[in-house]
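One structure below.
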């Protein structure tokens, strides 16, 4: 019986039946040059909706083969089997189906969609150009080797829309759009290669963006607002910005470097290790994660730093603008040199320590033009220098510990909680260091309090001094507005440069004296009878200083006199003067006795 079956073509282009029996012969003929390879053909889809594998849906007729390019302008072509061709020009319509498509050559995508739960791989070059949206949807994964995104003529007119789709960059993806552009949807962009942002525009990425490769922001702003996980590198050129704007971003040993700006403006960013040496800007959202140093200069205008870990600003920190800055959840912030500035109204740029700790290890300078405050239940530790510069109120409503130096150069620096100074407090003329804590024994000094300004206690409260009080800066006048209690181990130091040039302490309330009063010579030559009213007060308990120490003066040069409203020190004669006086008195006695004896003998003689 005659075999009537013909060779048939499957949807992937493979011949069946007799083809396999003749394959060795065909291969031999091809090797000898008798059979030429098929020429590449550009095949255009012209069916409205149909199967990719139907010959008559293409022009010229025939399903695109491995050497061909497929062109789709409109309609819906459904690929249901795996195949590979040279290129794809997608100008509109939909490429769908469950079949995987591999493109080995140049492909161009100006509009239309790639849809369906399958994979499209651009192994060579993909040109995403023009103003049309490019949509990846329905679980489709697109793998791209080297891609260029370009050609828009207005802002946000050539979106890359990942509507449930995934774009994997495995080579170099270069964004050269002349206007702002965006990646939208609920899909994912994975950068496993190199992502280059070239133009001075905004590129807004609204999908999950994961970086295990390198992102180069060479100009403009790359804004990531869909979240993502990053273990790769971000290189930021001068004038450029990487903005983590929304979502949750987790940086695991990732790096940011360059002369640009690494900004967090919203969402949550978890920094887990890595190095960050570029300029850092926290403008909003939350910085969390493990203990990670910020190596570059930093600016904090708003947002939070949260979680039980440590953030160390190794360079400078600028806390500026009107936004609140929050440290919470057990977070510790270590800062070298900081500036707190830029508010445009009273109490609008709070430093809120809500269970957080701020450690100043360098110089913290408050230059706010309006009153400011620290709030919350946290702690501010000043281990360096704190400078209050402007004639405003700085209200510290958290626990404040000072082992460094606080310079109140102007205005009022108020500590609302119990405070014992263990460092140095300098109150300059016109400056007031104030304690407003309630209760007794909540304001103490074991360090140094000095200057020409004012140390103020709450009404009816007292300063307990177990350290040193030094009126003036060199020679000067310090005021304690309140009551003073001199502890047994406390000291008050007065410098004397002349009869009318010496330190003075004014206490507006009552004093309880004790401890040591010390006099220091700054060029004064003692003159017997000179006196100095060194301290004045409202009233004095029946107490005195326990001791007098002299520095630069001979022993026993001064005597302390206690009055109801002042303490006066006076120069007493030197011991030699006493001896001369006594010697003089003795000589006068001898003369008087001789005179009396002479008179007696004369009388007897008479």
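Numbering (our numbering), first residue to last: 411 to 1016.
Glycine included, each C-beta is placed from N, C-alpha and C at the ideal position.
Can the beta-carbon of residue i be found less than 8 Å from the beta-carbon of residue j?
i	j	result
residue 877	residue 841	no
residue 897	residue 925	yes
residue 507	residue 526	yes
residue 594	residue 616	yes
residue 679	residue 659	yes
residue 551	residue 529	yes
residue 636	residue 612	no
residue 542	residue 581	no
residue 760	residue 789	no
residue 591	residue 626	no
residue 646	residue 619	no
residue 677	residue 697	no
residue 945	residue 982	no
residue 923	residue 953	yes
State the Cα-Cα distance for the pair residue i and residue j, rounded to the nearest angstrom.
i	j	result
residue 545	residue 492	21 Å
residue 732	residue 486	54 Å
residue 693	residue 707	14 Å
residue 806	residue 784	5 Å
residue 894	residue 828	16 Å
residue 976	residue 837	22 Å
residue 723	residue 757	24 Å
residue 666	residue 763	27 Å
residue 915	residue 818	18 Å
residue 695	residue 596	21 Å
residue 456	residue 578	29 Å
residue 737	residue 549	41 Å
residue 883	residue 661	50 Å
residue 815	residue 858	9 Å
residue 929	residue 936	12 Å
residue 459	residue 705	57 Å
residue 774	residue 967	44 Å
residue 770	residue 812	10 Å
residue 962	residue 927	14 Å
residue 833	residue 700	32 Å
residue 438	residue 449	With a pLDDT of only 43 at residue 438, under the threshold of 50, the placement of this residue in the model should not be trusted, and no figure is reported.
residue 656	residue 675	7 Å
residue 786	residue 766	9 Å
residue 644	residue 568	25 Å
residue 739	residue 768	13 Å
residue 533	residue 777	58 Å
residue 628	residue 668	10 Å
Tell me the residue span of the beta strand (DSSP E) that contains residue i.
i	result
residue 981	976 to 981
residue 640	638 to 640
residue 652	651 to 654
residue 881	878 to 881
residue 854	853 to 855
residue 948	First-last for residue 948: undefined, no H or E at that position.
residue 961	957 to 961
residue 930	926 to 931
residue 573	570 to 573
residue 895	893 to 896
residue 519	517 to 519
residue 476	First-last for residue 476: undefined, no H or E at that position.
residue 908	901 to 908
To which residues of the same chain is residue i closer than 8 Å at the C-beta, ignoring the five residues directly before and after it?
i	result
residue 885	905, 907, 911, 912, 913 and 932
residue 494	476, 511, 512, 513 and 514
residue 754	732, 779 and 780
residue 465	471, 472 and 473
residue 988	At residue 988, the pLDDT of 46 sits below 50, so the modelled position is not reliable; the number obtained from the coordinates is stated separately. So the list is empty, once near-sequence residues are dropped.
residue 490	421, 461, 462, 463, 507, 508 and 509
Taking 6 Å as the limit between beta carbons, can you name the residues of its chain near residue i, skipping five residues before and five after?
i	result
residue 839	862 and 863
residue 479	452, 496 and 497
residue 727	708, 745 and 748
residue 950	921
residue 690	672, 704, 706 and 708
residue 634	615, 619 and 654
residue 721	715 and 743
Leaving out the 5 sequence neighbours to the left and right, which residues in its chain are closer than 7 Å to residue i when beta-carbon positions are compared?
i	result
residue 560	539, 586 and 587
From the DSSP output, read off the bridge partner residues of residue i.
i	result
residue 365	Nothing can be reported for residue 365: it is not among the residues displayed for the chain, which extend from 411 to 1016.
residue 845	825
residue 633	614 and 653
residue 686	666
residue 837	818 and 861
residue 747	726
residue 761	735 and 784
residue 914	887
residue 659	638 and 679
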